[in-house]
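Worksheet for the structure shown next.
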Amino acid sequence: MNDMLITLALAIVILPLSAYFIQTIVGDRLPRQGDWLSTGAIFGSFLCALRIFAEMWSQFRPDWVVQKTWVWMDLSTLNIPWKLEVGVRLDNISATMLLMVTLCATLIHLFSTGYMRDHHGKPEDGYRYTSFFSYLSLFTAAMLGLVISDNFFTLFMAWEVMGLCSYLLIGFYRHKPSAANASLKAFMTTRVGDLGLFLGLLAMFAILKSFRFDDVYAGINSGAFANETIIGVSAAFFIGLGIFIGTVGKSAQFPLQIWLPDAMEGPTPVSALIHAATMVSAGIYLIIRIFPMLEYGGVLPIVAYIGGFTCFFAAILAIKQYDIKKVLAYSTLSQLGYMVLALGVGAYSVGFFHLITHAVFKACLFMASGAVIYAMHHEQDMRHMGGLKKKLPITFTCMLITTMAISGVPGFSGFASKDLILGNVLGYAHLHPEHYLLVFFAFATAAMTAFYMFRLIFMTFWGHPHDHHHYDEAHEVSWNMWLPLAVLAALSFCVVYTGSITGLGFDKIFGSANEWILKLNPAPHVEGMESSRHALEEAAHHVHTPTMIISILVAGCGILFSYLVYGSKKISAAKLESLWPNFVKKAIDNLYYFDWFYIKVVIQKLFLPFSAQNAKFDDAVIDRVAVDGWKDVTMLGQKASGIFDDMVVDGVMVDGVGGTLPTMLGTSLRSLQNGKVQRYLMVAVVALMLLFLFRGVV
Amino acid sequence: MSLAEFLSGINYFIAHLFGTGLPMAVFSILSAVIVLLLFAMPVGGFCTYLERKVAADFQERIGPNRVGPLGLLQFFSDGIKMFLKEDSISKNADRWIYNFAPSLVMAGSFGAFAAVPFSAYMIGADLDIGIFYAMALGSLVSLGVLLGAWSSDNKWSLIGGMRGAAQIVSYEIPLGIAVLSVITICGSMNMHTLVAQQAWPTAGGEGHFWNVFHNPFMIINFFIYFTAALAECNRTPFDLPEAESELVSGFNTEFSGMRFGLYALSEFADVILFACIATAIFLGGWHVPFFNLQSINLGLSIGELDLSPLIQSVLMIGVFLFKVSVLVFVVMWLRWTLPRLRVDQLMNLCWKYLIPISFFNLIGVAIWTWAFSGRSMLQLLGQLLGVY
Amino acid sequence: MTLADIFVAFCFLLGGAAAFFTAFHPNILYAAISLIGSLVAVAGLYGALGADFLAAAQLIIYVGGILIVILFAVMMSEDIYKRRFFEGAKKYIFPVLAAALVFGGLAKVTLDADWSVATKPDFEPTARAMGWALVGPYALVFQYVVVLLAGLIGAVIIARPATKMQKFTDDEGDN
Amino acid sequence: MAGLATHLPAYLIFSLVLFSFGLVAALARRSAIGIFMGVELMLNGAALNFVAFQALRKGVIANDNWLHGHIFSLFIIILAAIEAAVALAIVLRVFGTRQTIDADRSDELRG
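Protein chains in written order, with my numbering: chain A, 621 to 1318; chain B, 3 to 390; chain C, 203 to 377; chain D, 1027 to 1137.
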């Protein structure tokens, strides 16, 4: 049975991977340019994932795990303690992730067959339909490979492949300079995070001699990291922080968040797949996997503050956006911040819960926005939309459901997970009153989320059309585009996750399986942390009911306000805007000056002068002194030999052998730099041999 | 397999007949002479006759019919003619290389015969790396072609020689990879082992029948091998090095007399060699379907000497040579069927099709071998039906 | 004085003489051809030392591959019909001295050393053992060798005619 | 001459001969291909050394059954093959740009 599961897990990765290879090689010649191949492959993966999930469900216990490890490279025969093991690990987290990723990816592939139809054509004419699907396949394979890894090594490999795919897909419209720049920006920014991840992993391997999750958890509990320090901080802190920096880059947390909004230059299915449902989740997944290290090394407060701050300030930015995809991009940032915040306060399974629910509804939101954009002939500005409710009924319904989910309306999945996060944050603040700022971040963001998401709905679907030309042409999208929306929207009801209709605590339908995500995914055991975890659980339970009431109130206020401003237009948006202080407006318009800071300050003021200094040093010192100086020395030598010739030889041994010696000296010195490779080689050989022969003497 | 053994290249068959009393060196020389003179030379010569007959058949002519019955001795008279012809060397030719090059070709194509397993008891040198050895010696041919072409001081020759060398070097890659997948299946490079594994499956699960039917990839592989081997022997449709309508006679334009004879002979020897290797590694060597020739025992003996190896050997050699001659006939048949390729088409075929496909096949074969623990389709079928 | 001794002595003589011609023959083509002699002699010595796989590999890669490529390069680049291009005895003076220095020094070290602990070559098949070594202790090195494939790709790019490369980059720039 | 086949110094001196002639060719040949042939000779000499030590001093240096010497020789052969490809590509390129492969005349780097 276990072997079969492992085989299935491998098949999940291999199917899209082989689809990628086939697409790359012969994709153009296949019927329909091979989109069915990628879609079919990922659907096969979905079926496999479903089988694995069913197995997990039938077992239904927190410690269910199936893993198999192979030795990749074993150099212990040469007395080098280097043994690299790679393997597959299936536990509740990865089984759930696999199902989520394959489901989202399948639906997004299906959606892409409709959305990318304009790109259908021969590659010779510049159409890249096949490339698009092959990249999607490669990306999905990498994400799935990351999920089934049982060690940080293959996880890192898949991580980097995803970085590459992200680069390729963001810059898919490569004729657009903005897209090309955005792809480069995304790649370079995540690279900063990857450096941290890499350092963290190296440090971990140096101490533990293993990359496997199990070994890491066991190492933490057995005190392998207890007395180690790296550059003055404890090893666990260093490793945890390094790996968390990787997450910061990949999941676009403050201060490396700048790439995600720009990444919206890519095609919308890509935004849905990569920048909402899966790749950015990979960062969260990494935190989940390294969670014991963060807890043990004391990195969690940093995690919590970065998450909290990100979710707060991204929400503010989202309020001011008019590009429909940008709104969603910032909301993604904000929701990722929520997850990081949840993990930071120590709510392990809650963070994972929100990861899953968010991936589902955000994929749906992105695809719905894609459908809107497609119907509006690639118009993305919300100010030109409006009144689309009648034109796109299915899209509207799905988008409304998922918007309610993200805003935290009771009965939808976002309510359940977000409510738990808020509860945990509040409980955490009860335990540690000095961290009350986090509570403010969390609740303020909840209100703003409801506000800006309904702003999007009202501006897009309500009111009167602003652009009649586009409006008249708009029509409901074809089945392969609305079907994915419908499926994901159906999964945005919280009954799927918590087993109750309204949210938490009432009407348990699934019996023991109710709130299965929380039940199945307790944090890995860490020595000495049980008491604080228990305390948090208690505190969160204690504030459960107030939290729920507050969060419903807050979300309701946000929706109401949004309706007043953008739905019924009772309050003028322009007037409202004028109330904002000027400097805040300016800061938001400039995205808090982050890009400005990175480009003007970090790169231009810091790196460029540094490299200029380097160049100057190279020019002045190395070139002038070392290189040209050698010429001077040589010339001096020649001059000296000339003087010697004149004075000593010519003067002393006028007609004897005197004529030959300086000539030979001059020639041999000059020939040191005659540019002839054979001469150099000969000098090297002779010198080596002399050194060798007289090694006793020298 | 050591150098000492290699030099004394044991011929199992002769050793069996004469015992081991005589010094090994005599055996080795004897076996070399037997292989060369008694097999390769006459068969190579006979092939020229056969080729002319086949050609005549295809063109509805009679072909050679004067010398001997049915013109069977034609090749003999051809040989005499070649020996007696004036051995001319053009004035600007590079004499040293000119004299030396044909023997390189000769060494390449005839030396490899030592590793061909004609029967379970008759193999020139039962090397551990038999198939690899055959390919290594085969690589001398391209050198001989190139040098001979250059030394004759003739631009047609030079063009032909360049084409020949480029072609042989290129096609060595798909050929080698096709052979590599056979090695993957059998886990050995020893010719004897390679053939022995292709017996009809027995109850104990021994033998997986002819490699060409081992798995779907191997069928493709056989065709790749066959195509590449055609190009290696400069046979139509890959006879660009001696394309008579473009290059007079290509790399051997200037050669005459027995030197030309060596080239011509070794070309046929090459064809036979590749047919032999194809037979041995893909078509099961001496094995026939449904039973194992090695189990035949008529109980005949002369005194102490058991005659059954001899009888088996005769049968095996018959089966082996039958398969070889079928392949050789296909080669001749192709000559009168397919037109010659252009140079760019030739290279495209190799680099864009054969090499990628052969790599794909290699991976496929490796996966098959791993997944089914090396069992062939036939064995799997047998297991499924419960026969074995 | 066994057969193997005669064979080894023959290989020494052949290899040495061929190496001499490779170094000193005025005609580069003859030098290349006499290189065959050295390579074949080394292959024979591999055989005599019981390295059968290496002997065959030496033949197939050096003689069948590298030498052909060398001959191609000679024929395509030099004016080979100019039969003699005498390189001048003068140019040989210092190299020969340097080589003599190397030879003398290393030969002295070789002959001074104590080689009394010696084993006989065993003529076991080596291919299987080498295969295991490549996936055993040398796995890492073997994987790095695969990286050398990059070298081949680089060679292809270098050998491409310059004009075509220019065109290629121009095309890219337009996008 | 008896026992030549198992006499280690004989092999070493022979490989030294190959190496030295290779060195002469590499240092004195005017044409880049000649230099390259010299390098090939030197590589061969070195590779022969490895195998000779493996065969005739087995177990003296490394006390295990891996064929270290053979593996090293194999890597040298592989390396030589790739080196041939790269070197001859460079030769062709140099010939294409300056119509000669004389190493003495490719001396733009002179000081």
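A virtual CB, placed ideally from N, CA and C, is assigned to each residue, including glycine.
Could you please tell me which residues of the region 892-911 of chain A, in chain order, have their CB closer than 9 Å to any CB of chain D?
none
Straight-line gap, S714(A) to Y968(A) (C-alpha atoms, nearest Å):
The residue you call residue 714(A) lines up with position 94 of the first sequence. The residue you call residue 968(A) lines up with position 348 of the first sequence. Taking the straight line joining both Cα atoms gives about 14 Å.
Taking only beta-carbon positions, decide if V691(A) is within less than 8 Å of chain D.
Translated into positions along the first sequence, residue 691(A) becomes position 71. Not closer than 8 Å to any Cβ of chain D, the Cβ of V691(A) fails to qualify, so no.
Of all the alpha helix (DSSP H) runs that stay within the bounds of the region 216-246 of chain B, which reach a length of 4 or more residues?
218-234
Using 8 Å as the threshold, is the C-beta distance between F222(C) and F1098(D) below it?
The residue you call residue 222(C) lines up with position 20 of the third sequence. The residue you call residue 1098(D) lines up with position 72 of the fourth sequence. For F222(C) and F1098(D), no; Cβs fall outside 8 Å.
8 Å Cβ cutoff met for F112(B) and A282(B)
Here residue 112(B) refers to the residue found at position 110 when the second sequence is read from its first residue. Here residue 282(B) refers to the residue found at position 280 when the second sequence is read from its first residue. Cβ atoms of F112(B) and A282(B): not closer than 8 Å.
I'd like to know whether the C-beta atoms of L1301(A) and A1052(D) end up nearer to each other than 8 Å.
As a position in the first sequence, residue 1301(A) is number 681, starting the count at 1. As a position in the fourth sequence, residue 1052(D) is number 26, starting the count at 1. Yes; because the gap between Cβ atoms is below 8 Å, this pair is in contact.
Closer than 9 Å, Cβ to Cβ, to anything on chain A: give me those residues from the region 301-327 of chain C, in chain order.
A301, L303, V304, G306, G307, L308, K310, V311
Looking only at C-alpha atoms, which of N213(B), F48(B), H289(B), R63(B) sits nearest to S378(B)?
Position 376 of the second sequence, counted from the start, is the residue given in the question as residue 378(B). The shortest Cα separation from S378(B) among N213(B), F48(B), H289(B), R63(B) belongs to N213(B).
P228(C) versus chain A: which residues are under 8 Å apart at the beta carbon?
The residue given as residue 228(C) occupies position 26 in the third sequence. Those do not exist, as P228(C) stays about 17 Å from chain A at its closest Cβ, beyond 8 Å.
When DSSP labels each residue in this structure, what does W370(B) get in the three-state scheme?
Your numbering for residue 370(B) matches position 368 in the second sequence. If DSSP states are grouped into helix, strand and coil, W370(B) belongs with the helices.
What number of angstroms, rounded off, separates the C-alpha of L1038(D) from the C-alpha of A245(C)?
The residue you call residue 1038(D) lines up with position 12 of the fourth sequence. The residue you call residue 245(C) lines up with position 43 of the third sequence. Cα-Cα distance, rounded: 15 Å.
Helix, strand or coil at P311(B) according to DSSP, with G and I counted as helix
The count along the second sequence starts at 1 and reaches residue 311(B) at position 309. Of the three classes helix, strand and coil, the one that applies to P311(B) here is helix, per DSSP.
Let me check understanding here. Comparing Cα to Cα, which of H1096(D), F1079(D), G1071(D) lies closest to W334(C)?
Counted from its first residue, the third sequence places residue 334(C) at position 132. Selected option, being the one with the closest Cα: H1096(D).
Taking C-beta to C-beta, are W372(B) and N217(B) nearer than 8 Å?
Walking along the second sequence from the start, residue 372(B) turns up at place 370. Walking along the second sequence from the start, residue 217(B) turns up at place 215. In this structure, N217(B) does not lie closer than 8 Å to W372(B) by Cβ.
Give every residue of the same chain whose Cβ lies closer than 6 Å to the Cβ of F1081(A), excluding the five residues on either side of it in the sequence, and list them in chain order.
By one-based count along the first sequence, residue 1081(A) stands at place 461. L1008, K1009, F1016.
What residue does the beta strand (DSSP E) around K945(A) start on, and which one ends it?
For the purposes of this step, residue 945(A) is identified with residue 325 of the first sequence, where counting begins at 1. No beta strand (DSSP E) holds K945(A); the alpha helix (DSSP H) holding it covers 944-964.
Kindly confirm or deny that the region 1093-1100 of chain A and the region 1190-1200 of chain A touch, where touching means at least three C-beta pairs closer than 8 Å.
no
Using a Cβ-Cβ cutoff of 9 Å, what residues of the region 341-352 of chain C are near chain A? List them in chain order.
A341, L342, Q345
Looking at the secondary structure, which residues open and close the alpha helix (DSSP H) in which D694(A) lies?
To locate residue 694(A), count along the first sequence from 1; it is residue 74. Here D694(A) belongs to no alpha helix (DSSP H); instead the beta strand (DSSP E) covers 685-694.
Determine the direct distance from the alpha carbon of Q1080(D) to that of H1094(D), and round the result to whole angstroms.
Walking along the fourth sequence from the start, residue 1094(D) turns up at place 68. Walking along the fourth sequence from the start, residue 1080(D) turns up at place 54. Straight-line Cα distance between these residues: approximately 7 Å.
May I ask whether a heavy atom of the ligand ZN can be found less than 7 Å away from the beta carbon of W1250(A)?
Within the structure as shown, the ligand ZN is missing, as the structure has no ligands at all.
Between which two residues does the beta strand (DSSP E) carrying K703(A) extend?
Start at 1 with the first residue of the first sequence, and residue 703(A) comes out as number 83. Here the beta strand (DSSP E) through K703(A) covers 703-711.
Pick out whichever of K1251(A), T1023(A), Y1056(A) has its Cα sitting closest to the Cα of Y1072(A).
Counting from 1 along the first sequence, the entry for residue 1072(A) is found at position 452. Measuring from the Cα of Y1072(A), the nearest candidate turns out to be T1023(A).
Segments assigned alpha helix (DSSP H), at least 4 residues, entirely inside the region 122-203 of chain B
132-153, 157-188, 193-198
Strictly by DSSP, which residues pair up with F1113(A)?
For the purposes of this step, residue 1113(A) is identified with residue 493 of the first sequence, where counting begins at 1. BP columns for F1113(A) point to F1032(A).
Comparing C-alpha positions only, which one of G1043(A), Q1000(A), K982(A) sits nearest to L953(A)?
Working through the first sequence from its first residue, we reach residue 953(A) at position 333. Looking at the Cα atoms, K982(A) is the closest of the given residues.
What does DSSP give as the partner residue(s) for T849(A) in the beta ladder?
Here residue 849(A) corresponds to residue number 229 of the first sequence, with the count starting at 1. In the DSSP output, where bridge partners are listed per residue, T849(A) has S854(A).
Can you look up R1299(A) in the DSSP assignment and give me helix, strand or coil?
The sequence position of residue 1299(A) within the first sequence is 679, counting from 1. In the structure shown, R1299(A) sits in a helix (DSSP, three-state: H, G or I).
Mind pulling the chain C residues with CB within less than 7 Å of V1306(A)?
Against the first sequence, residue 1306(A) aligns to sequence position 686. Chain C residues near V1306(A): A300, L303.
I want to verify the contact list: residues of chain A whose CB lies under 9 Å from the CB of I1059(D), in sequence order.
Looking up residue 1059(D) in the fourth sequence gives position 33. The premise fails here: I1059(D) is roughly 13 Å from chain A at the closest Cβ pair, so nothing lies under 9 Å.
When the Cα of P1142(A) is compared with those of P912(A), G927(A), Q873(A), I1219(A), which residue comes out closest?
Within the first sequence, residue 1142(A) is the residue found at index 522, counting from 1. With distances taken between Cα atoms, P1142(A) lies closest to P912(A).
Measuring straight from C-alpha to C-alpha, what distance separates F1227(A) and A1235(A)?
Within the first sequence, residue 1227(A) is the residue found at index 607, counting from 1. Within the first sequence, residue 1235(A) is the residue found at index 615, counting from 1. So the two alpha carbons sit approximately 12 Å from each other.
Would you kindly check if the distance between the Cβ of M720(A) and the Cβ of L704(A) is under 8 Å?
As a first step, residue 704(A) must be located in the first sequence, where it is residue number 84. As a first step, residue 720(A) must be located in the first sequence, where it is residue number 100. No.
Output yes if chain A places a C-beta closer than 8 Å to the C-beta of L1053(D); else output no.
Translated into the one-based positions of the fourth sequence, residue 1053(D) becomes position 27. Yes, L1053(D) lies at the interface with chain A (some Cβ there is under 8 Å from its Cβ).
Same chain, Cβ closer than 6 Å to A231(B), five either side skipped, listed in chain order:
In the second sequence, counting from the first residue as 1, residue 231(B) sits at position 229. F276.
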